[in-house]
Amino acid sequence: MRRRTTKARNKTVTRGHSQPTRGQATMFDKSKKATGEAAQSPAPVQPAAPKASPGGGQTTTIGPSIRLNGELTGDEDLLIQGQVEGNIHLKEHNLTVGEQGRIKANAYARTITVRGELIGDLTGAEKVTITASGRVRGNIIAPKVILEEGASFKGSIDMDAKAEAPTLQAAPKSKSA
Numbered sequence: 012m013r014r015r016t017t018k019a020r021n022k023t024v025t026r027g028h029s030q031p032t033r034g035q036a037t038m039f040d041k042s043k044k045a046t047g048e049a050a051q052s053p054a055p056v057q058p059a060a061p062k063a064s065p066g067g068g069q070t071t072t073i074g075p076s077i078r079l080n081g082e083l084t085g086d087e088d089l090l091i092q093g094q095v096e097g098n099i100h101l102k103e104h105n106l107t108v109g110e111q112g113r114i115k116a117n118a119y120a121r122t123i124t125v126r127g128e129l130i131g132d133l134t135g136a137e138k139v140t141i142t143a144s145g146r147v148r149g150n151i152i153a154p155k156v157i158l159e160e161g162a163s164f165k166g167s168i169d170m171d172a173k174a175e176a177p178t179l180q181a182a183p184k185s186k187s188a
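If you count by the working numbering, then the sequence shown holds residues 12 to 188, one letter each, in order.
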């Protein structure tokens with residue numbers, strides 16, 4: 012087998028008659044069919060989902076076209092993409108206000124994550140998180156509070172080690188013109 016080595020613009024190029032052995036891939040192998048054998052790009056990163064609840068991990072979603080007024084209680088996780096006015100009480104479960112969610116309510120849950128807009132007081136038994144896209148106007152009581160860079164928050168924070176469920180009060184009144 013005869014090899015010839017040449018230098019081309021700072022690269023060493025080796026030419027010869029060697030062929031890859033069976034099962035060996037080459038960089039420019041044109042004989043492969045595009046049947047999905049090529050490396051796929053990694054899946055896009057999704058935001059971390061809230062921790063699963065003790066009740067089986069079922070999550071109810073209030074869609075973007077839904078509007079609710081009044082008392083909202085439940086025994087499962089809740090994702091709100093719509094509009095809610097009143098009070099929200101999820102004692103042992105997670106509350107997530109989605110990016111499209113618009114809430115005027117006092118809320119109590121095991122963990123609360125705000126990606127949308129919430130006006131009212133929040134009490135989290137474990138944690139309250141306001142993400143970069145989240146906007147909160149109200150007071151927060153929780154042993155752990157996370158405000159991501161870019162989050163909007165106006166109110167006070169009480170990092171009480173044992174956040175108790177508040178006595179349900181009327182939600183903040185909306186200012187109508």
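Cβ atoms here follow ideal geometry from the backbone N, Cα and C, with glycine treated the same way.
- In this structure, the CA atom of Val95 is about 14 Å from the CA atom of Glu110.
- Per the coordinates, the alpha-carbon of Asn98 lies some 15 Å from the alpha-carbon of Ile73.
- The Cβ atoms of Ile130 and Leu106 do not sit closer than 8 Å to each other.
- Where Arg126 is concerned, there is no enclosing beta strand (DSSP E), because DSSP gives it neither an H nor an E.
- When the five nearest sequence neighbours on each side are left out, the beta carbons in the same chain lying within less than 6 Å of the beta carbon of Glu137 are those of Arg121 and Thr122, in order along the chain.
- Counted as a single uninterrupted DSSP element, the beta strand (DSSP E) harbouring Ser163 occupies residues Ser163 to Lys165.
- Between the alpha carbons of Thr140 and Leu158 lies a gap of roughly 6 Å.
- Under DSSP, the beta-bridge partners assigned to Gln94 are Arg78 and Arg113.
- Counting of Cβ neighbours within 10 angstroms places Gly112 among the buried residues, the total reaching 16 or more.
- When the Cα atoms are used, Met170 and Ile91 turn out to be separated by approximately 25 Å.
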